[in-house]
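Everything on this sheet refers to the single structure shown next.
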Amino acid sequence: MVNVLNLHSLLNGNYMKTNLSLGNCLIFIEQNDYLSNSGEPIQYIGIKKLNTLTHSVSSYAFNYPADIISHVSACATLYYSSVFKQESNYFISLNKFNCMEWNEENVITISLEINDTDTPLFIKDSVIIGLDDRYCIMAIPNFLPKYGQPFFGNLLLIDSLEKKKYSITEKVGNLDSLHCMDEAWTCKSNDGSLNLLIKTGRIRPFEKKRFWDDMEKYGENAEYFDQFEKLILYKVDNLINDVKYGATINKIILCDCNFKGALSVVSVDNRKIIYSVQLFKQIATEIISYDLETTQTKTVKDKLLYDYVIYSNKKLFGFKQQGKATHVFNIEDKRNMFISHEHIIYIDEEKFITLKRKPHDFKRLIVIYNMSSADMLEAIECSFFDYNTLNNTLTIY
694 MVNVLNLHSL LNGNYMKTNL SLGNCLIFIE QNDYLSNSGE PIQYIGIKKL NTLTHSVSSY
754 AFNYPADIIS HVSACATLYY SSVFKQESNY FISLNKFNCM EWNEENVITI SLEINDTDTP
814 LFIKDSVIIG LDDRYCIMAI PNFLPKYGQP FFGNLLLIDS LEKKKYSITE KVGNLDSLHC
874 MDEAWTCKSN DGSLNLLIKT GRIRPFEKKR FWDDMEKYGE NAEYFDQFEK LILYKVDNLI
934 NDVKYGATIN KIILCDCNFK GALSVVSVDN RKIIYSVQLF KQIATEIISY DLETTQTKTV
994 KDKLLYDYVI YSNKKLFGFK QQGKATHVFN IEDKRNMFIS HEHIIYIDEE KFITLKRKPH
1054 DFKRLIVIYN MSSADMLEAI ECSFFDYNTL NNTLTIY
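For the sequence shown, our numbering assigns the number 694 to the initial residue and increments by one for each residue that follows.
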């Protein structure tokens, strides 16, 4: 049964939830009021720590607004950066914030060697992955990217103790590299060791399906640089040592998906990784579960080509869109459960929860329905929400 945590009345402003839970406390990142000020860039101005039992809130304002932040971290440390110009060059100043000790520290300043007259917008598309309280990875996009180039031009491992950076140049096969990173997750094995999961290929399933349909129609495959996708698993300790000492990086390639299918990560937690592959030619979907402890995989093949799959309340559900309607299937028993005209974010045997976007403003409406009768049980207006499959909690704020 899902735990609904409604914190909307306690957080007044624009916030981004992190994946950090420190005892009874959740960590949120405070953003500037970019929604009210049209054209103003998004910046991150501080941290909020909210106790879910006492409802007390602690605040910390950064010394300088951040342009880039690691809202996902494997430890109690968040990394963030500010972009600034000095003379004719641009720099990224990297800092870290310890959510336990409630303090911040400057780590390193990185020169970008760019002399553009205005701040290049691409810098703020950089990504930071917090590995632990000492190490993070920063991915910086290519300046003036060209077709056929990876999106990221620089991939750096940063040691905040040594205050040094190390380049990551590893290729993954002939047509792929970590510079084509699309998404990243961290998760721990039962022995406490930390893993980093990276998906490459900056392309969405509907785009790959369109390329496939065009190939079927016109008889030739449209060449697209990011159509090759991989799912790669690293042991973080090994990754750090391999990068620092210039060795070949040890890795496990869980999935290698070419133009004949589309890869999506369904769920990542400390026990297993679940991902799906749309098989265009077979008009089918494979759902694969990888056990982090045993390293064994379990594959379920369904004779339907789902648009997407979710993992909710320890069960898998497939979604197939037809016009404005979405058919919802229980993948375990192949049952067509119901049809919805709203976006579903959670399902169990008793209820389902949907998301509606309110027209003309930035508010959202979370609606909880009874599964058997489809009666509405509750509607909650909010700005943001987060569903955590690990603890089966829907946080509304």
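All C-beta atoms in this analysis are idealised placements derived from N, C-alpha and C, irrespective of residue type, glycine included.
Just measuring C-alpha positions, the residue of Ile722, Asn744, Ser749 sitting nearest Gln736 is Ile722. DSSP, read as helix, strand or coil, puts Ile816 in helix.
Here the alpha carbons of Gln971 and His748 stand approximately 43 Å from one another.
In the structure shown, Val929 falls within a helical segment according to DSSP collapsed to helix, strand and coil. With respect to Ser969, Val961 sits apart: the two C-beta atoms are not nearer than 7 Å. Taken through DSSP and simplified to helix, strand or coil, His1034 comes out as coil.
Nearest in C-alpha terms to Gly954, of all of Gly939, Ile1061, Glu979, is Glu979. DSSP places Pro898 in the helix class (H, G or I) of the three-state scheme.
About 19 Å separates the beta carbons of Leu947 and Ala977, which is beyond the 8 Å limit, so they are not a contact pair. Nearest neighbour of Gln779 by Cα position, chosen from Leu771, Tyr1001, Glu806, turns out to be Glu806. Around the beta carbon of Tyr911, fewer than 16 other beta carbons sit within 10 angstroms, so the residue counts as exposed.
Apart from sequence neighbours up to five positions away, the residues of its chain that approach Ser882 with a beta-carbon distance below 7 Å are Asn888, Leu985, Glu986, ordered along the chain.
Residue state for Asn934 is assigned as helix, using DSSP reduced to three classes. Judged by pairs of C-beta atoms under 8 Å, the stretch 847 to 856 touches the stretch 820 to 832, as three or more such pairs exist.
Per DSSP, Tyr968 is one residue of the beta strand (DSSP E) stretching across 965 to 972. Using a 10 angstroms sphere on the CB of Pro1052, the tally of other CB atoms stays under 16, which defines it as exposed. Uninterrupted beta strand (DSSP E) stretches at least 3 residues long and entirely within the stretch 751 to 790 occur at 770 to 779, given in chain order. For Glu876 and Phe790, the gap between their C-alpha atoms comes out near 23 Å. Between the alpha carbons of Asp818 and Ser1065 lies a gap of roughly 44 Å.
As for any beta strand (DSSP E) of minimum length 3 sitting wholly inside the stretch 995 to 1044, the runs are 1001 to 1005, 1008 to 1015, 1018 to 1023, 1028 to 1033, 1036 to 1040, ordered along the chain. Within the model, the alpha-carbon separation for Asn705 versus Asn699 is close to 13 Å.
Listed in chain order, the non-local C-beta contacts of Tyr757 below 6 Å within the same chain comprise Ser775, local neighbours out to five positions each way being set aside.
By the C-beta criterion, the stretch 928 to 937 is judged not to be in contact with the stretch 903 to 910, since fewer than 3 inter-stretch pairs fall below 8 Å. Taking all protein chains in view, the Cβ of Lys856 is surrounded by fewer than 16 other Cβ atoms within 10 Å, so the residue is classified as exposed.
Of Val800, Lys839, Asp884, the smallest CA-CA separation from Leu854 is found for Val800. Taking 7 Å as the cut-off, the Cβ atoms of Ile861 and Val765 do not count as close. Between Cys718 and Asn696, the C-beta spacing is not below 7 Å. In this structure, Ile925 sits near Lys944, with a CB-CB distance shorter than 7 Å.
The beta carbons of Arg1057 and Leu1048 sit about 6 Å from each other, so the pair counts as a contact at 8 Å. Counting along the chain, Val697 sits inside the beta strand (DSSP E) bounded by residues 696 to 699.
Thr711: member of the beta strand (DSSP E) spanning 707 to 715, first to last residue. Taking C-beta atoms as the reference points, Cys792 and Ile891 fail to come closer than 7 Å. Between Gln724 and Asn712, the gap from beta carbon to beta carbon reaches 7 Å or more. Within the same chain, Phe1012 come within 6 Å of Tyr1001 by CB-CB distance, once the 5 residues on both sides are set aside.
Distance from the CA atom of Phe755 to the CA atom of Ile738, rounded to whole angstroms, is 6 Å.
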